[in-house]
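Throughout the sequence shown, residue numbering follows numbering that gives the first Met the number 0, covering 0 to 108 in sequence. Cβ atoms here follow ideal geometry from the backbone N, Cα and C, with glycine treated the same way.
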Amino acid sequence: MIQVSETAKQKVINLMTEEGFDATTDYVRVGVKSGGCSGLSYELNFDNKKDDADKVFEDNNVRIIVDKKSFLYLVGTVLEYSGGLNGKGFVFNNPNAQRTCGCGESFSL
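This is the structure in structure tokens:
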């Protein structure tokens, strides 16, 4: 399960609307790929279709899809949003990460 904070929810809905997606029917696709300074990096995109192997979640009225492989790395993660002058944008608080980089966009297990 992936959780979405209230601030991340508001930002997701705003961005989805700006990009022509409907937050009530479309999805936030969260994934993990090789790369980044810690070995693995997060992916965050909007999508209007899901694959048969995708896991589907809904938290805080945000519909999330995760591919089967990425799911194992993301269980228990909270998606947050940090705005303002020193804000980093979307932040993944992942309890499975043993190490993260300074930018918060990559991690290792």
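- So, are the CB atoms of Tyr80 and Val65 less than 8 Å apart? For the 8 Å CB-CB criterion, Tyr80 and Val65 do not form a contact.
- Leaving aside the five residues before and after Val55 along the sequence, list all residues of the same chain whose C-beta is less than 6 Å from its C-beta, in chain order. Ile64
- Proximity winner among Ala7, Leu39, Lys8, relative to Gly30 (alpha-carbon distances): Leu39
- Straight-line CA distance for Tyr26 to Thr76? 17 Å
- Message: Taking the alpha-carbon of Leu71 as reference, which of Asn44, Asn95, Leu78, Thr6 has the nearest alpha-carbon?
- Response: With distances taken between CA atoms, Leu71 lies nearest to Asn95 out of Asn44, Asn95, Leu78, Thr6.
- Taking DSSP as the reference, what is the three-state secondary structure of Phe20? In the structure shown, the three-state DSSP call for Phe20 is coil.
- Query: Are Leu78 and Ser4 close, meaning C-beta to C-beta below 8 Å?
  - Reply: yes
- Message: Strictly by DSSP, which residues pair up with Lys110?
- Response: Nothing can be reported for residue 110: it is not among the residues displayed for the chain, which extend from 0 to 108.
- Query: CB-CB under 6 Å to Lys10, same chain, minus the five flanking residues each way: which ones, in chain order?
  - Reply: These residues qualify, in order along the chain: Tyr80.
- Close-in-space but distant-in-sequence residues of the same chain around Lys67 (CB under 6 Å, 5 per side omitted): Ala52
- Item | DSSP three-state assignment for Leu73, whether helix, strand or coil | helix
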